[in-house]
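Q:
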Amino acid sequence: MDILITGGAGFIGSTVGSALMELGHNVIVLDNFSTGRREFVTDRTVYEGDIADRSVVDRIFAEHPDIAVTIHCAASIVVPESVAEPIRYYRNNVGGTLELVDALLANGCRRIIFSSSASIYAVREDFAVDEDCDISPTSPYARTKAHVEGMLRDIAHGTDLKVLSLRYFNPIGSDPKMRTGLQLEFPSHAMGKMIEARNAGRPFTVTGVEWPTRDGSGIRDYIHVWDLAQAHCRAVERFDDVVPGTDAESSYRVINLGTGDGTTVFELADAFSRVSGEKLEVVTGPPRPGDVAGAFTRSRRAKDELGWVAEHSIDEGIADTLRWFEVRGGILEGF
Numbered sequence: 001m002d003i004l005i006t007g008g009a010g011f012i013g014s015t016v017g018s019a020l021m022e023l024g025h026n027v028i029v030l031d032n033f034s035t036g037r038r039e040f041v042t043d044r045t046v047y048e049g050d051i052a053d054r055s056v057v058d059r060i061f062a063e064h065p066d067i068a069v070t071i072h073c074a075a076s077i078v079v080p081e082s083v084a085e086p087i088r089y090y091r092n093n094v095g096g097t098l099e100l101v102d103a104l105l106a107n108g109c110r111r112i113i114f115s116s117s118a119s120i121y122a123v124r125e126d127f128a129v130d131e132d133c134d135i136s137p138t139s140p141y142a143r144t145k146a147h148v149e150g151m152l153r154d155i156a157h158g159t160d161l162k163v164l165s166l167r168y169f170n171p172i173g174s175d176p177k178m179r180t181g182l183q184l185e186f187p188s189h190a191m192g193k194m195i196e197a198r199n200a201g202r203p204f205t206v207t208g209v210e211w212p213t214r215d216g217s218g219i220r221d222y223i224h225v226w227d228l229a230q231a232h233c234r235a236v237e238r239f240d241d242v243v244p245g246t247d248a249e250s251s252y253r254v255i256n257l258g259t260g261d262g263t264t265v266f267e268l269a270d271a272f273s274r275v276s277g278e279k280l281e282v283v284t285g286p287p288r289p290g291d292v293a294g295a296f297t298r299s300r301r302a303k304d305e306l307g308w309v310a311e312h313s314i315d316e317g318i319a320d321t322l323r324w325f326e327v328r329g330g331i332l333e334g335f
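Position 90 of the sequence shown, counted from 1, bears residue number 90 in full-length UniProt numbering, the numbering being contiguous throughout.
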């Protein structure tokens with residue numbers, strides 16, 4: 001099957017592409033390389049350009065008319081950055097997606113898998129969420145994801161587009177074969193900050209310690225990126241069963257992708273020390289702009305509809321992340 005992945009040279013998009021290729025699918029990548037790595041996609045067909053550029057999307061479909069599904073991973077994703085640069089985030093994430101979908105429909109591509117986010121959920125007292133929980137995003141980044149979901153739902157109801165929106169929790173780890181991993185030298189999320197702190201010989205700062213969690217730090221559902229990639233493979237192969245599109249209501253579906261376990265930042269730091277064999281010194285600080293207490297999934301929908309469950313532990317995710325940084329060196333300089 002021919003599959004287009006937007007943002008396919010990024011951490012998640014490239015790993016999903018590798019998993020699909022292992023199953024025999026033909027992966028075509030569209031990426032503007034603002035953060036993606038060319039080294040991640042040397043073994044697949046690549047188009048450099050923006051998702052909002054109709055000419056490049058038209059060229060992709062002219063040269064690959066049998067593309068059956070588009071996996072849309074292209075987005076700006078750093079929460080504090082979205083607070084400082086909301087216009088860019090809305091332009092890239094919302095405006096760009098609208099132009100992309102218009103081009104996909106014009107080129108006859110009716111299936112889209114959207115990389116959404118669990119950050120759009122309203123915070124609940126027990127922090128456990130399923131797909132029917134209230135939506136209340138608290139950062140510009142999260143609001144762009146919620147806006148795109150609403151936009152895609154409307155388009156699916158009014159056209160023959162079929163949409164499967166996958167709400168990610170918190171990816172960690174790397175491709176177990178070390179083909180792809182975190183592509184930034186200084187990632188902004190907790191795992192990246194722990195590695196940065198360890199390498200610099202300074203404490204790791206837990207940002208926000210007054211959340212109503214069991215230890216005051218934020219709580220997350222950390223999912224191995226290879227598990228996430230396998231979920232996309234199931235989504236591609238079961239797409240028409242999950243999103244039959246026989247009427248407006250069956251043309252749009254949402255599925256959470258997480259482990260079902262909540263881990264606090266303090267607990268993640270303890271796991272990091274355990275796996276690395278080095279005690280990570282921890283200090284505390286105020287929350288970053290746009291931070292929330294967090295959530296973890298309690299849904300069975302991925303298992304019931306995709307036949308998928310996460311298989312890798314947090315320790316495996318940490319170990320693969322550490323191994324990736326060791327193998328790839330400084331990431332930006334190491335290729």
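Ideal Cβ positions, reconstructed from N, Cα and C, are used throughout, including at glycine.
So K162 is in the beta strand (DSSP E); what residue range does that whole segment cover?
A: Walking along the sequence shown from the start, residue 162 turns up at place 162. Taken as a continuous stretch (DSSP letters only), the beta strand (DSSP E) holding K162 covers K162 to Y168.
Q: If we count the other Cβ atoms within 10 Å of its Cβ and call it buried at 16 or more, is D221 buried or exposed?
A: Mapped onto the sequence shown, residue 221 falls at position 221. D221 comes out buried.
Q: Thinking just about the alpha-carbon of each residue, which of S117, V309, D66 and F40 is nearest to the one in G294?
A: On the sequence shown, position 294 is the one that residue 294 refers to. Among S117, V309, D66 and F40, the Cα nearest to that of G294 is on S117.
Q: If you compare alpha carbons, which of E131, R328 and Y141 is closest to T297?
A: In the sequence shown, counting from the first residue as 1, residue 297 sits at position 297. T297 has its Cα closest to that of E131, out of E131, R328 and Y141.
Q: Nearest CA to the CA of E305: which residue from F266, E316, P286 and H232?
A: For the purposes of this step, residue 305 is identified with residue 305 of the sequence shown, where counting begins at 1. Of F266, E316, P286 and H232, the residue nearest in Cα terms is H232.
Q: Return yes when the Cβ of T15 is within less than 8 Å of the Cβ of V327, no when it is not.
A: Position 327 of the sequence shown, counted from the first residue, corresponds to residue 327. Position 15 of the sequence shown, counted from the first residue, corresponds to residue 15. No, the pair does not count as a contact, with Cβ atoms beyond the cut-off.
Q: Grab the span of the beta strand (DSSP E) containing A74 for me, first residue to last.
A: Here residue 74 refers to the residue found at position 74 of the sequence shown. Here A74 belongs to no beta strand (DSSP E), and DSSP marks it neither H nor E.
Q: So V27 packs on G17, CB below 8 Å; how close in whole Å?
A: Taking the sequence shown and counting its residues from 1, one reaches residue 27 at position 27. Taking the sequence shown and counting its residues from 1, one reaches residue 17 at position 17. About 4 Å; that satisfies the 8 Å criterion.
Q: Counting along the chain, where does the beta strand (DSSP E) carrying T112 start and finish?
A: Working through the sequence shown from its first residue, we reach residue 112 at position 112. The sequence as given places Ile at residue 112; Thr does not occur at that position. Residues R111 to S117.
Q: Along the chain, where does the beta strand (DSSP E) that runs through R253 open and close?
A: Here residue 253 refers to the residue found at position 253 when the sequence shown is read from its first residue. From DSSP, the beta strand (DSSP E) with R253 extends over Y252 to L257.
Q: Which parts of the stretch 32-100 are runs of the alpha helix (DSSP H), unbroken and 4 residues or longer, counting only runs that do not cross its ends?
A: The qualifying runs are 54-63, 79-84 and 86-89.
Q: Leaving aside the five residues before and after F335 along the sequence, list all residues of the same chain whose C-beta is less than 6 Å from its C-beta, in chain order.
A: By 1-based counting over the sequence shown, the position of residue 335 is 335. Because the pLDDT at F335 is just 44, under 50, the model does not fix this residue reliably, and the value given afterwards should be weighed accordingly. For F335, where only same-chain residues beyond five positions count, the Cβ hits under 6 Å are E39.
Q: Would you kindly report the start and end of the unbroken beta strand (DSSP E) that includes G150?
A: By one-based count along the sequence shown, residue 150 stands at place 150. Note, G150: premise wrong, no beta strand (DSSP E); alpha helix (DSSP H) at P140 to G158.
Q: Pick helix, strand or coil for G334, following the three-state DSSP scheme.
A: For this step, residue 334 is matched to residue 334 along the sequence shown. Note that G334 scores 46 on pLDDT, short of 50, meaning its location in the model is unreliable; the coordinates nonetheless yield the value given after this. Three-state result, G334: coil.
Q: Between M21, S82 and A19, which lies nearest to P137 when the distance is taken from Cα to Cα?
A: Counting from 1 along the sequence shown, the entry for residue 137 is found at position 137. The shortest C-alpha separation from P137 is found at S82.
Q: Using alpha carbons as the reference points, say which of D126, V101, S251 and A229 lies closest to R214.
A: As a working mapping, residue 214 is identified with position 214 in the sequence shown. Considering only alpha carbons, the answer is D126.
Q: Do you know whose CA, among N93, A128 and L164, lies nearest A52's CA?
A: Position 52 of the sequence shown, counted from the start, is the residue given in the question as residue 52. Nearest of N93, A128 and L164 to A52, Cα basis: N93.
Q: Here's a check: name, in chain order, each residue in its chain whose Cβ is nearer than 7 Å to the Cβ of T207, leaving out the five neighbours to either side.
A: For the purposes of this step, residue 207 is identified with residue 207 of the sequence shown, where counting begins at 1. Same-chain partners within the cutoff: G285, P286, P287, R288 and D291.
Q: Whole-angstrom Cβ separation of G317 and G173, contact assumed at under 8 Å?
A: Residue numbering aside, residue 317 sits at position 317 when the sequence shown is read from its first letter. Residue numbering aside, residue 173 sits at position 173 when the sequence shown is read from its first letter. Indeed they touch by this definition, with Cβ atoms about 4 Å apart.
Q: DSSP three-state call for A229: helix, strand or coil?
A: Position 229 of the sequence shown, counted from the first residue, corresponds to residue 229. Three-state result, A229: helix.
Q: Below 8 Å on the Cβ atoms is my guess for V254 versus R143; work out the distance and round it to an integer in Å.
A: Within the sequence shown, the letter at position 254 stands for residue 254. Within the sequence shown, the letter at position 143 stands for residue 143. The pair is not a contact, with the Cβ atoms about 17 Å apart (cut-off 8 Å).
Q: Taking the beta strand (DSSP E) that V309 belongs to, which residues open and close that run?
A: By one-based count along the sequence shown, residue 309 stands at place 309. No beta strand (DSSP E) contains V309, which DSSP labels as neither H nor E.
Q: Between the C-alpha atoms of L164 and H72, what's the straight-line distance to the nearest angstrom?
A: Position 164 of the sequence shown, counted from the first residue, corresponds to residue 164. Position 72 of the sequence shown, counted from the first residue, corresponds to residue 72. Spanning the two alpha carbons is a distance of roughly 10 Å.
Q: Could you compute how far the alpha carbon of F11 sits from the alpha carbon of P187?
A: Here residue 11 is taken as the residue at index 11 of the sequence shown, counted from 1. Here residue 187 is taken as the residue at index 187 of the sequence shown, counted from 1. Taking the straight line from one Cα to the other gives about 11 Å.
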